[in-house]
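Enquirer: Please see the structure below; I have some questions.
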Amino acid sequence: MWFIKRNFISFIEEEKFKLLKEVFKKDKIIEKETKEFEKKEELDSFVKEELDEIPQTYISTITFTLNQGVMDSCSKQKYLEHEIDYDNVKIVCLGNYSFYISLFDLQKIRKDYPYLDFIYPPFAIIDYLAKEKENIFYVLIFEKYLVVLAYEKWIPIFSDIIETKESEENLENVEDIEDIEDIEEIDTIDDLSEDITEDIDAIDEEELEEKLEEIENKATGIEAKILQFIQDSLKEYYANYSSDFIEKIILFDTIGIDEKIANIIEEEVLIECTYKKIDALEIINRISRESVL
Amino acid sequence: MKKIKIPQIKIPKIKIYGIDVIKNFLFLTLFIFLTLLMIAFIIAPSIKYFKKNQKTYYETKNEFLQTKAIYDRTLKSLNQLKRKDAKIIAAFRREFDKKNFINFASKFMKVTNIEKNETKIYKNDFLTTIYFVNALIKSPKNFYDFIDALKNYKYILKVYFPINFEKNGNLIDLKLKIEHYRLKNLKALKAEVKAH
Amino acid sequence: MKAYYSFIKPKKKPLFKEDTKLWLIFISISMFLYLSFGAFLLIKAYIFKKETNELKQQIISLNEQIKELNLQKEFILKQETIYTDIMTKNQLVKQQIRNLLDLIPDPITLEKFYIDHNKLIIYGITPTKDVYNLLMLPPLESIFDKTTTYFYELPNGWYRFKSINYLKSENEKD
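If you read the protein sequences in the order shown, they are chains A, B and C. So for the first sequence, our numbering puts the first residue at 2; every next one is plus one. So for the second sequence, our numbering puts the first residue at 3; every next one is plus one. So for the third sequence, our numbering puts the first residue at 136; every next one is plus one.
Listed below in structure tokens is the structure:
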């Protein structure tokens, strides 16, 4: 009905609670607001107020629990083959592939946030945005998490999530990278990469140093982590999932890192890489809105 | 529904004990407005229309009752009249029968001849037929009794001039004219009476 | 294709807030009551109107019937009048004849008389002309406008007479 307001609120729990509120009247957005909360109580009370104010308020979030993933089928058989306890996961079937989450984790989220209407896996954002779906690697970048989803032939067959600020140790490890060569030595599998490293070596080292410094100046070293993550994921992908070569890597960035990351990755893994800045909260709201309509 | 462009005006929120004062006030205003609108455009005209019809109904009803009373009275008086004049009414409906008359008259006289003469319309609704009667009587008293007896006779007969008395031995030879009265249009009248 | 990625289903959301709902229900019920009251009145009014029309129709038909009854009444009265008139006239005839016969004095013998509306002819025998002229003529003259008498002498010296009497007026004629 034309006079009914619908309020879509999405939030993600990272360093802070980031929240986006969009109020629609029919198909028109009439109010848009972003908020950040330090504490869960603040979020709870805000949501409560919103629910009180506009009855048609839908609350969505993404869960970053590591106990979730993608399966290239909806069948129980397939799950059992991959040694996943079919009875203890919640599955969202999307035709010939599905996302799953540990029931226990899902219950925990629902208990923590009883007002939630939609709980999405982070892969949903990728799957929603993905247009090319043949031998493509999608990487979704969050403040605290990195998410990968790989499509073989129109079907996502591989997924992974890592926490980037998990522990100080890890952080230090990354920060401690003094030489890119070290990484290369660890990472490169075939002789081909030797050549690449050679090439990279050939590039002005100072320049590289500068780049690194830049990265380090951001105090996160996130680019390095992303690179590392991609390399690890590719390794895993080739080893366990598919023998087809990945043709393209697409980065979806939700936090606003340097666009040059695409170039770095392209140089490092020798796969075409594109970068795209996205607003995860807005996309979640969009998905929720389409589900409700 | 047609979409109306409403400029986005932020209505300030004032809450007292968790009750949105402005919203409730607006709803109350809407309610009062709609109520007044309903009264003005639906209830008031309805009442007016209703009262008008009710008034004419009772007026008509009154008129009807009066008319009905008149009808009843008229019918009653008509029936009384019919009862009172039943004999007369019946008599006017009978066709004249000579034999019957001779028989009736024999108590008073000896009818020697009876002759039918002309028939005329009388006062639009009646027919009169003249009969010439020749009879023998013993005395004038027979004649007087005959006339008195006509009152109760089943036909309406008028004894008519000229009357001729002539002595014939011991008897009197009587010549007289009688007129029989009856309704003109018997059949039509019967049908009409039945219809009522 | 719509994609439903969520692990859970959204809760049912009411369209309106609780207090708004109450207001809307209250206003709707009020409007409904107003409308039904209006409709009730209109229906009632309609029924009144219909009945009024029926009554009007009945009044017209009653009036016609009354007219008819009055005609019948009049007709009966007319018959009654005629009847009474006839009987009265019969009595009158009887009376006239009786009067006439009473008029005849003893000495005079009547042989024949003819009576009409305005005319009386008497045939009779009288012992003398004087008896007739004294006893019979005066009352005849007093009744009739014109009286003419003819005498024929009989062999025994009595007189056979014929008296013709006229009334000028034709009052008797009906």
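Backbone N, C-alpha and C fix where the C-beta goes; we use that ideal spot for every residue, glycine too.
Which residues in chain C have a C-beta closer than 7 Å to the C-beta of S112/A? List them in chain order.
Expert: According to the sequence displayed, residue 112/A carries Lys and not Ser. By Cβ distance, chain C contributes nothing, its closest Cβ being about 12 Å from K112/A, past 7 Å.
Enquirer: Considering E135/A, what are the terminal residues of the beta strand (DSSP E) in which it resides?
Expert: Run containing E135/A: E135 to I142, per the beta strand (DSSP E) assignment.
Enquirer: Using the rule of at least 16 other Cβ atoms within 10 Å of the residue's Cβ for burial, across every protein chain shown, is K229/C buried or exposed?
Expert: K229/C comes out buried.
Enquirer: I'd like to know whether the C-beta of P142/B is nearer than 8 Å to at least one C-beta of chain C.
Expert: Yes, because at least one Cβ of chain C sits closer than 8 Å to the Cβ of P142/B.
Enquirer: List, in chain order, every chain B residue whose beta-carbon is nearer than 7 Å to that of G121/C.
Expert: For residue 121/C there is no data in the structure shown, the boundaries of chain C being 136 and 309.
Enquirer: List the residues that DSSP assigns as beta-bridge partners of I162/A.
Expert: Paired residue(s): V148/A.
Enquirer: Taking P47/B as part of the alpha helix (DSSP H), name the residues at either end of that continuous run.
Expert: Run containing P47/B: A46 to K86, per the alpha helix (DSSP H) assignment.
Enquirer: What does S74/A reach in chain C if we use C-beta pairs closer than 9 Å?
Expert: By Cβ distance, chain C contributes nothing, its closest Cβ being about 17 Å from S74/A, past 9 Å.
Enquirer: Decide if I139/B is buried, meaning its Cβ has at least 16 other Cβ atoms within 10 Å, or exposed.
Expert: Buried, since its Cβ has 16 or more Cβ neighbours within 10 Å.
Enquirer: In the stretch 59 to 141 of chain A, which residue ranges form an unbroken beta strand (DSSP E) of at least 3 residues, counting only runs that do not cross its ends?
Expert: Counting whole runs of 3 or more residues, the stretch 59 to 141 of chain A contains the beta strand (DSSP E) stretches 69 to 72, 90 to 94, 99 to 103 and 119 to 121.
Enquirer: Around the Cβ of T31/B, are there at least 16 other Cβ atoms within 10 angstroms (buried) or fewer (exposed)?
Expert: Flag for T31/B reads exposed.
Enquirer: I'd like the list of long-range same chain contacts for G292/C, defined as Cβ closer than 7 Å, with 5 residues on each side in sequence excluded.
Expert: Same-chain partners within the cutoff: there are none.
Enquirer: Mind checking L255/C: buried by the 16 CB within 10 Å criterion, or exposed?
Expert: Label assigned to L255/C: buried.
Enquirer: Drop a sphere of 10 angstroms on the beta-carbon of K219/A, count the other beta-carbons inside from all chains shown, and report buried for 16 or more, exposed for fewer.
Expert: Because the pLDDT at K219/A is just 49, under 50, the model does not fix this residue reliably, and the value given afterwards should be weighed accordingly. Classification for K219/A: exposed.
Enquirer: Ends of the beta strand (DSSP E) at T263/C?
Expert: Taken as a continuous stretch (DSSP letters only), T263/C belongs to no beta strand (DSSP E), as it is neither H nor E.
Enquirer: Where do the N-terminal and C-terminal ends of the alpha helix (DSSP H) with P142/B fall, by residue?
Expert: Residues P142 to L152.
Enquirer: In the DSSP assignment, what residue or residues form a beta bridge with N291/C?
Expert: Beta-bridge pairing links N291/C to no other residue.
Enquirer: Kindly list, in the order they appear in chain A, the residues whose Cβ is closer than 8 Å to that of T151/C.
Expert: Per the sequence presented here, residue 151/C reads as Phe, with Thr not at that position. Residues of chain A passing the Cβ test: P56.
Enquirer: Kindly confirm or deny that the stretch 97 to 115 of chain A and the stretch 278 to 287 of chain A touch, where touching means at least three C-beta pairs closer than 8 Å.
Expert: Short answer: they don't touch.
Enquirer: Under the criterion of a Cβ to heavy atom distance below 7 Å, does L77/B qualify as lining the ligand COA?
Expert: You won't find the ligand COA in this model; it holds no ligand whatsoever.
Enquirer: CB I231/A to CB I262/A, shorter than 8 Å?
Expert: Result no, Cβ atoms of I231/A and I262/A do not sit closer than 8 Å.
Enquirer: Count the other C-beta atoms from every protein chain shown that fall within 10 angstroms of the C-beta of F35/B, then say buried if there are 16 or more, exposed otherwise.
Expert: Exposed is the call here.
Enquirer: In the DSSP output, which residue or residues are listed as bridge partners for T131/B?
Expert: Note: T131/B sits in a beta bridge opposite T121/B and H182/B.
Enquirer: Counting only C-beta atoms, is L83/B closer than 8 Å to chain C at any point?
Expert: With 8 Å as the cut-off, L83/B counts as an interface residue toward chain C.
Enquirer: Is the CB-CB distance between L282/A and K19/A below 8 Å?
Expert: For L282/A and K19/A, yes; Cβs fall inside 8 Å.
Enquirer: Which residues in chain C sit within 8 Å of L117/A, going by Cβ to Cβ distance?
Expert: Near L117/A (Cβ distances below 8 Å), the residues of chain C are I143.
Enquirer: Taking the alpha carbon of E98/A as the point to measure from, which residue in I156/A, I63/A and K145/A has its own alpha carbon closest?
Expert: Reading off the sequence shown, one finds Tyr at residue 98/A, where the question assumed Glu. Of the listed residues, the one whose Cα sits closest to Y98/A is I156/A.
Enquirer: Taking 8 Å as the cut-off, does the stretch 176 to 188 of chain C touch the stretch 44 to 63 of chain B (at least 3 CB pairs, one atom from each stretch)?
Expert: Yes, they touch.
Enquirer: Output the distance between the C-alpha atoms of I247/A and F138/A, rounded to the nearest integer angstrom.
Expert: Cα to Cα, I247/A sits roughly 7 Å from F138/A.
Enquirer: Using the Cβ count rule (16 or more neighbours within 10 Å means buried), how would you classify I153/A?
Expert: The identity of residue 153/A in the sequence shown is Glu, whereas the question assumes Ile. It is buried - the Cβ of E153/A has at least 16 other Cβ atoms within 10 Å.
Enquirer: Could you work out which residues of chain C lie near L107/A, taking near to mean beta carbons separated by less than 9 Å?
Expert: Those within 9 Å of L107/A in chain C are F142 and I143.
Enquirer: Since E59/A meets chain C, which of its residues come closer than 9 Å, beta carbon to beta carbon?
Expert: It should be pointed out that residue 59/A corresponds to Tyr in this sequence rather than to Glu. What Y59/A touches in chain C: P145, K146 and K148.
Enquirer: Tell me which residue opens and which closes the alpha helix (DSSP H) that L204/C is part of.
Expert: Counting along the chain, the alpha helix (DSSP H) containing L204/C begins and ends at E153 to L238.
Enquirer: At a Cβ threshold of 8 Å, is A125/A touching chain C?
Expert: Output row for A125/A: interface = yes.
Enquirer: May I ask you to report which of helix, strand or coil DSSP gives S289/A?
Expert: Three-state DSSP puts S289/A in a helix.
Enquirer: Where does E54/A fall in DSSP's three states?
Expert: DSSP places E54/A in helix when its eight states are reduced to three.
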